[in-house]
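Engineer:
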Amino acid sequence: MKIVIFFGLLTLSLFVFLYKPAPIEVIEIKAEILNIELERQMALRYLNDLRQNSGISPYSYSEILEKSATAHANYLITNNTTGHIEVTSKQDFTGEYPSNRAAKAHYNVSSIAENLTSNSLNYKRSIDDLFSAIYHRFGFLDFISDEIGIGIVQNSTDSNKNSFVYNMGLKELNRLCSGKGYHGNEVSAYKICADKTLHIEKRVFLRALNKEKKMSKKIVLYPYHNQVDVPPVFYNETPDPLANHDVSGFPISIQFNDYYHHKVNLLSLRLYKESEEEITNTLLMNSHNDPNKIFNSNQYALFPLERLEYNTKYKAIASYRIKRKVFTREWSFYTRKLKEPFSIVNTNNASITIKPHIKHTIYFKPIDTHDTIKNLKFPADVHVSFLDNNTIELTLTTDNTDNFKLQSDMKVVQIKVE
86 MKIVIFFGLL TLSLFVFLYK PAPIEVIEIK AEILNIELER QMALRYLNDL RQNSGISPYS
146 YSEILEKSAT AHANYLITNN TTGHIEVTSK QDFTGEYPSN RAAKAHYNVS SIAENLTSNS
206 LNYKRSIDDL FSAIYHRFGF LDFISDEIGI GIVQNSTDSN KNSFVYNMGL KELNRLCSGK
266 GYHGNEVSAY KICADKTLHI EKRVFLRALN KEKKMSKKIV LYPYHNQVDV PPVFYNETPD
326 PLANHDVSGF PISIQFNDYY HHKVNLLSLR LYKESEEEIT NTLLMNSHND PNKIFNSNQY
386 ALFPLERLEY NTKYKAIASY RIKRKVFTRE WSFYTRKLKE PFSIVNTNNA SITIKPHIKH
446 TIYFKPIDTH DTIKNLKFPA DVHVSFLDNN TIELTLTTDN TDNFKLQSDM KVVQIKVE
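Take 86 as the starting number for the sequence shown in our numbering and just add one per residue.
#1: Under 8 Å between C-beta atoms, does residue 374 make it to chain B?
#2: Going by C-alpha to C-alpha distance, which of 202, 493 and 242 sits closest to residue 435?
#3: Look up residue 586 in the DSSP assignment and say whether it is helix, strand or coil.
#4: Using a Cβ-based criterion (distance less than 7 Å to any ligand heavy atom), does residue 238 qualify as near the ligand NAP?
#5: State buried or exposed for residue 341, treating a residue as buried only when at least 16 other CB atoms are found within 10 Å of its CB.
#6: Going along the chain, which residues of its own chain have a beta-carbon closer than 8 Å to the beta-carbon of residue 178, five neighbours each way excluded?
#7: Do you know whose CA, among 328, 403 and 310, lies nearest residue 356's CA?
#8: Let me know the secondary structure DSSP gives residue 138 once reduced to three states.
#9: I need the DSSP call for residue 322, collapsed to helix, strand or coil.
#10: With residue 337 as the anchor, note down where its beta strand (DSSP E) starts and where it stops.
#11: How is residue 480 classed by DSSP in three states: helix, strand or coil?
#12: On the three-state DSSP scale, how would you describe residue 504?
#13: Do the CB positions of residue 169 and residue 199 come within less than 8 Å of each other?
#14: Expressed to the nearest angstrom, what Euclidean distance is found between the alpha-carbon atoms of residue 442 and residue 229?
#15: What first and last residue would you give for the alpha helix (DSSP H) that runs through residue 69?
#16: Comparing alpha-carbon positions, which option in 281, 187, 261 and 211 lies nearest residue 237?
#17: May I ask you to list the residues that DSSP assigns as paired with residue 446?
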């Protein structure tokens, strides 16, 4: 899976993100035709559930940002491409950058944040993938955006191709940029409006940001306490926080709201399985050792360097110092449950018994940090769909299928049919 950050945004120190699954050479079941309006409604609801349960105020919906997001999603599908930058000569061009497209849709601020995914199964897969990647997660769990527009476009001739585009902004800044602006000393003003003749006075700008920050909790944890159905895996981003890993565990993050905490020193962040066994093969990342210099000083993430397990409860414990006082925070979450029947393959050669017409989940447990399933081959009467790059759902569609092989670049699984 691949995620790309193209450039930072002006003034607000936000980032533009792209999510694109790594190509898997496999014949999959054609995706269903999306109910676009329902997907949009469910995406907003799901995002707001994640934000509110994490301690951040929910998004309100912006039809203007939806317009800019949909325009870009349509451009991506029309031109069979991905990314945030549009080319003037291409069909359905509406603006080179997200800010240009938002301005064309009559959004008044010169900088917005944009996340997007390509070819996601549905809204939940799209958002889960973005939350598995730490820079994307911080993009959705920031303290200075409160409105969103969601654009969803599916290819009319190939249902497996779609684009989910998310444009985020701050209502109060949009309101300020629709007014008369500030005509005083430019040193004490911000040039954040789409109309470059308008400036926002510094104290007014900061008041708008602080008003939004004040509505969120002092500390934001993800996964949040008692969260369920947490994906156990992270693959990669571009730029990549874990350049030497193609597969690793779902990162644990903690953010300190700088409206309340100007200086926090995280002393430790540890992860434990339900058996109280500590996960020690980890990397704690902060603004100092983030290889891409995207974390701010109040953002921290613990990367398990191996996949987490399915069907498992985990506990995180953070220790941090504020001024001279040390605090401890403990919380738990539950990884995604695989429904029976499922099998775990942890060798390059294995054997599994299955029954026709019953969906069987197969998890190919990575044997190293580069072990994902590539070029999977199987008979034509077998339906396969990917839950992630190590986990498939397999269904025999006929009663008379003989025993067969699942074969990838590195693994062979003998399938015995009952």
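Yeah, the Cβ is synthetic: ideal placement off N, Cα and C, and Gly gets one too.
Structural biologist: Well, looking at it:
#1: Within the model displayed, chain B is absent; a lone protein chain is all it includes.
#2: Mapped onto the sequence shown, residue 435 falls at position 350. The option with the nearest alpha carbon to residue 435 is 493.
#3: Nothing can be reported for residue 586: it is not among the residues displayed for the chain, which extend from 86 to 503.
#4: This structure simply doesn't include the ligand NAP, nor any ligand for that matter.
#5: For the purposes of this step, residue 341 is taken as the residue at position 256 of the sequence shown. Classification of residue 341: buried, given that the 10 Å Cβ count is 16 or more.
#6: Residue numbering aside, residue 178 sits at position 93 when the sequence shown is read from its first letter. Cβ neighbours of residue 178 within its own chain (closer than 8 Å, five residues either side excluded): 160, 171 and 172.
#7: For the purposes of this step, residue 356 is taken as the residue at position 271 of the sequence shown. Comparing Cα-Cα distances from residue 356 to each of 328, 403 and 310, the minimum goes to 403.
#8: In the sequence shown, residue 138 corresponds to position 53, counting from 1. Three-state result, residue 138: helix.
#9: Residue mapping note: residue 322 aligns to position 237 of the sequence shown, counting from 1. Residue state, collapsed to three classes: coil.
#10: For the purposes of this step, residue 337 is taken as the residue at position 252 of the sequence shown. First-last of the beta strand (DSSP E) with residue 337: 337–341.
#11: Sequence index remark: in the sequence shown, residue 480 carries index 395 (1-based). Residue 480 falls in the strand class under three-state DSSP.
#12: This structure leaves residue 504 out entirely; the chain is present only between 86 and 503.
#13: As a position in the sequence shown, residue 169 is number 84, starting the count at 1. As a position in the sequence shown, residue 199 is number 114, starting the count at 1. It is a contact, given that the beta carbons lie within the stated cut-off.
#14: Indexing the sequence shown from 1 puts residue 442 at position 357. Indexing the sequence shown from 1 puts residue 229 at position 144. Whole-angstrom Cα-Cα distance: 49 Å.
#15: Because the chain here runs from 86 to 503, residue 69 falls outside it and cannot be looked at.
#16: Reading the sequence shown from its first residue, position 152 is the one you call residue 237. Ranking 281, 187, 261 and 211 by Cα distance to residue 237 puts 211 first.
#17: Position 361 of the sequence shown holds residue 446. Answer is 427 and 478.
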